[in-house]
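Trainee: Can you keep this structure in mind? I'll have questions shortly.
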Amino acid sequence: MGADIRGAGTDSIRIQGVERLHGGTYSVIPDQIEAGTYMAACAAAGGEVRLANVIPRHLECISAKLREMGVTVVEGGDSVLVRSNGRLRHTNVKTQPYPGFPTDMQPQISVALCLADGTSVVTEGVYDNRYKYIQELGRMGADAQVDGCTAII
Numbered sequence: 000m001g002a003d004i005r006g007a008g009t010d011s012i013r014i015q016g017v018e019r020l021h022g023g024t025y026s027v028i029p030d031q032i033e034a035g036t037y038m039a040a041c042a043a044a045g046g047e048v049r050l051a052n053v054i055p056r057h058l059e060c061i062s063a064k065l066r067e068m069g070v071t072v073v074e075g076g077d078s079v080l081v082r083s084n085g086r087l088r089h090t091n092v093k094t095q096p097y098p099g100f101p102t103d104m105q106p107q108i109s110v111a112l113c114l115a116d117g118t119s120v121v122t123e124g125v126y127d128n129r130y131k132y133i134q135e136l137g138r139m140g141a142d143a144q145v146d147g148c149t150a151i152i
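The following block contains the structure:
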């Protein structure tokens with residue numbers, strides 16, 4: 000686009016003004032939270048869903064947790080097939096910065112864990128006070144409570 004920007008990958012970015020910028024084409028990568036939301040919804044509701052135009056390696060942490068829960072996740076070149084296999088199994092989740100389990104997927108995985116056999120522990124490792132939704136899940140009949148930065152489901 001004609002901008003003069005230097006320092007990518009360093010502690011300092013230097014931008015030098017230019018007379019004019021020109022147009023360009025850019026493709027935005029698929030959103031892992033959007034894809035992960037559909038994956039968790041499939042796990043919770045049952046059935047099968049195929050997500051196209053995704054980057055499977057960006058979903059590895061989500062896929063790994065769903066597999067621990069007994070969900071089939073098959074990664075293709077630019078797609079992911081998710082198949083629920085009946086009753087979900089409990090697991091523990093700790094949110095972390097990328098490439099760890101995304102904090103923005105915490106509510107979705109927690110909903111699926113409400114339907115799992117056994118007790119699951121979800122630990123928030125990025126932000127404080129991310130469990131306001133747990134009380135609402137309780138109002139809908141979920142057996143879930145918060146203890147500090149941890150939700151027990």
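Under numbering that gives the first Met the number 0, the sequence shown is numbered contiguously, ending at residue 152. All C-beta atoms in this analysis are idealised placements derived from N, C-alpha and C, irrespective of residue type, glycine included. This one's a predicted model, so the numbers in the text were calculated from it and none came from an experiment.
#1: Between the C-alpha atoms of THR90 and ILE28, what's the straight-line distance to the nearest angstrom?
#2: Name, in chain order, the residues that DSSP records as bridge partners for GLN15.
#3: Give me the Cα-Cα distance between ILE4 and THR24, rounded to the nearest whole angstrom.
#4: Nearest-angstrom Cα distance between ARG86 and ILE61?
#5: Can you tell me which of PRO55, VAL81 and LEU50 puts its alpha carbon nearest to the alpha carbon of ALA154?
#6: Going by beta-carbon coordinates alone, are VAL120 and THR149 separated by less than 8 Å?
#7: Express the C-alpha separation of PRO96 and GLY8 in angstroms, rounding to a whole number.
#8: Going straight from the alpha carbon of ASP127 to that of HIS21, what length do you get?
#9: Have a look at the DSSP bridge pairing and note the partners of LEU87.
#10: Measure the alpha-carbon distance for GLY16 versus ALA2 and round it to whole angstroms.
#11: Less than 8 Å between the CB atoms is what I'm expecting for ARG129 and GLU123, so what's the real figure, rounded?
#12: Hey, would you say SER83 sits closer than 8 Å to VAL70, going by beta carbons?
#13: Distance check for VAL125 and LEU114, CA to CA, integer angstroms please.
#14: Is it true that the CB of LEU58 sits closer than 8 Å to the CB of ALA34?
#15: Could you give the first and the last residue of the continuous beta strand (DSSP E) run that contains ALA51?
Mentor: Reading from the atomic positions:
#1: 29 Å
#2: ASP3
#3: 18 Å
#4: 18 Å
#5: Because the chain spans 0 through 152 in this model, residue 154 falls outside it and cannot be assessed.
#6: yes
#7: 18 Å
#8: 42 Å
#9: ALA115
#10: 7 Å
#11: 5 Å
#12: yes
#13: 25 Å
#14: yes
#15: 47-51
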